[in-house]
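Colleague:
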Ligand code: AMP
Ligand code: FE
Ligand code: FE
Ligand code: ZN
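Residue numbers (our numbering): 90 to 394.
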């Protein structure tokens, strides 16, 4: 399949997928971070959308992965453990997706626990800023809405709507929470190189999420030289032209290609899951790269797999 056709198919523009074709959605959020679906709902909706493989990539947590793995298994869907880390490189924010790592890896869990603690204090800071401008939101309300270890801006937005302090989430972001607005508090970020190393030492692959949203093309080759394994060419907010642009970068730099909807629940009345379909060929290459890496590690360690 040439890259243009692949991009069209991934955006759901092509008429019908080839018979027997399999697709993946490798970027999903559940209510264990800022999504609104349970892992079981994501698996069920993925199955309804005809997806053959899914990953749960909650922000700074892997807690939902066990439930999602079970739900996927029951539906005959392949599942890969994932997470999304907010990182930075040379003052640019980049989001890094980890796949195939050991979800019990000590150093990785220790690091994400640190981020969870910082997320909590950031909520207090955002609420304090809202209170300063006479918006009477309470931090306890945000934590009750979030009901998870990775609270973030969407939970503040939902709490504002629930309390009748703002008519919609969009308006909450526009008025208070977007970068530079009165209640915006910058997020604590891991260095991109540390994030890649952290994912690798846990046995995973590191992929740059939605490069088209972070305006970071210049750092892709640098990170590729430092171990970045792939880039998310297909994403809900990437046009077909953007997807092709990143497919050509991936091809030039010999990077793996991934894709996903970045579903956080309903968006404009529609669940995003299934809206972006990574063609199976890329999913197979990702799996093969992981298996090769794991095989090489076993050889180096003298372990027979
Ligand atoms: P945080 O990690 O707390 O900075 O929040 C980032 C999350 O907020 C993203 O993953 C999206 O889920 C959501 N988000 C960012 N910008 C907006 C926006 N303008 N409207 C709605 N949700 C947004
Ligand atoms: Fe999010
Ligand atoms: Fe992201
Ligand atoms: Zn995401």
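Backbone N, C-alpha and C fix where the C-beta goes; we use that ideal spot for every residue, glycine too. Please read these numbers as outputs of a predicted model, since none were measured by experiment.
When you compare each of 112, 118, 332 to residue 354 by their alpha carbons, which one comes out closest?
Modeller: Cα-wise, what sits closest to residue 354 is 118.
Colleague: So, at 6 Å on beta carbons, what are the nonlocal neighbours of residue 235 in its own chain, with the 5 sequence-adjacent residues on each side left out?
Modeller: Closer than 6 Å at the Cβ level, and outside the excluded window around residue 235, lie 244.
Colleague: Quick check: what's the CA-CA separation for residue 210 versus residue 129?
Modeller: Spanning the two alpha carbons is a distance of roughly 30 Å.
Colleague: Give me the residue from 231, 239, 256, 192 with the minimum Cα distance to residue 248.
Modeller: It is 231.
Colleague: For residue 207, which of 278, 223, 269 has the nearest alpha-carbon?
Modeller: Of 278, 223, 269, the residue nearest in Cα terms is 278.
Colleague: Return the CA-CA distance between residue 125 and residue 113, expressed in angstroms with no decimal places.
Modeller: If I take the Cα positions, the gap works out to 20 Å.
Colleague: Count the other CB atoms, across all protein chains shown, that sit within 10 Å of the CB of residue 242; report buried if there are 16 or more and exposed otherwise.
Modeller: Answer is buried; the Cβ neighbour count reaches 16.
Colleague: Look at the alpha carbon of residue 302 and the alpha carbon of residue 366, and state the distance between them as a whole number of angstroms.
Modeller: If I take the Cα positions, the gap works out to 18 Å.
Colleague: Where do the N-terminal and C-terminal ends of the beta strand (DSSP E) with residue 237 fall, by residue?
Modeller: Looking at the DSSP string, residue 237 is not in any beta strand (DSSP E), and its letter there is neither H nor E.
Colleague: Is it buried or exposed, residue 360, if we count other Cβ atoms within 10 angstroms and call 16 or more buried?
Modeller: Residue 360 should be labelled buried.
Colleague: I want to check one thing, is the minimum distance from the CB of residue 41 to the heavy atoms of ligand 1 below 7 Å?
Modeller: Residue 41 falls outside the range modelled here, since the chain spans only 90 to 394, and no answer is possible.
Colleague: Residues in the same chain with beta-carbon distance under 6 Å from residue 261, minus the five sequence neighbours each way, listed in chain order, please.
Modeller: Around residue 261: 246, 249, 255.
Colleague: Starting from residue 320, trace the alpha helix (DSSP H) both ways and give me its first and last residue.
Modeller: Taken as a continuous stretch (DSSP letters only), residue 320 belongs to no alpha helix (DSSP H), being part of the beta strand (DSSP E) at 319-324.
Colleague: Any heavy atom of ligand 1 inside 7 Å of the beta-carbon of residue 232?
Modeller: Checking every heavy atom of ligand 1 against the Cβ of residue 232, none is found closer than 7 Å.
Colleague: For residue 386, which residues from the same chain have a beta carbon less than 6 Å from its beta carbon, with the 5 sequence-adjacent residues on both sides left out?
Modeller: The answer is none, since no qualifying residue turns up.
Colleague: Give the range of the beta strand (DSSP E) segment to which residue 330 is assigned.
Modeller: Taken as a continuous stretch (DSSP letters only), residue 330 belongs to no beta strand (DSSP E), being part of the alpha helix (DSSP H) at 329-342.
Colleague: Nearest-angstrom Cα distance between residue 165 and residue 156?
Modeller: Each residue's alpha carbon lies about 14 Å from the other.
Colleague: Where do the ends of the beta strand (DSSP E) carrying residue 183 lie?
Modeller: Counting along the chain, the beta strand (DSSP E) containing residue 183 begins and ends at 181-188.
Colleague: Whole angstroms is fine: what's the gap from residue 330's alpha carbon to residue 313's?
Modeller: Distance between the alpha carbons of residue 330 and residue 313: 22 Å.
Colleague: Under a Cβ-count criterion, where at least 16 other Cβ atoms within 10 Å of its own Cβ denotes burial, should residue 275 be classed as buried or exposed?
Modeller: Residue 275 comes out exposed.
Colleague: Is the beta carbon of residue 173 within less than 7 Å of some heavy atom of ligand 3?
Modeller: The answer is yes for residue 173.
Colleague: Could you tell me if residue 300 is buried or exposed, where buried requires 16 or more neighbouring beta carbons within 10 angstroms of its beta carbon?
Modeller: Residue 300 is buried by the Cβ-count criterion.
Colleague: Apart from the five residues just before and just after residue 143, which ones in its own chain have a Cβ nearer than 8 Å to its Cβ?
Modeller: 113, 114, 115, 117, 131, 132, 135, 157, 161, 166, 167, 168, 169, listed in sequence order.
Colleague: Using a Cβ-Cβ cutoff of less than 6 Å, which residues in the same chain neighbour residue 352 once the five nearest sequence positions on both sides are dropped?
Modeller: Result list for residue 352: 117, 361, 362, in chain order.
Colleague: Excluding five sequence neighbours on each side, which residues of the same chain lie with their C-beta closer than 7 Å to the C-beta of residue 399?
Modeller: In the structure displayed, the chain extends from 90 to 394; residue 399 sits before or after that span and is not available.
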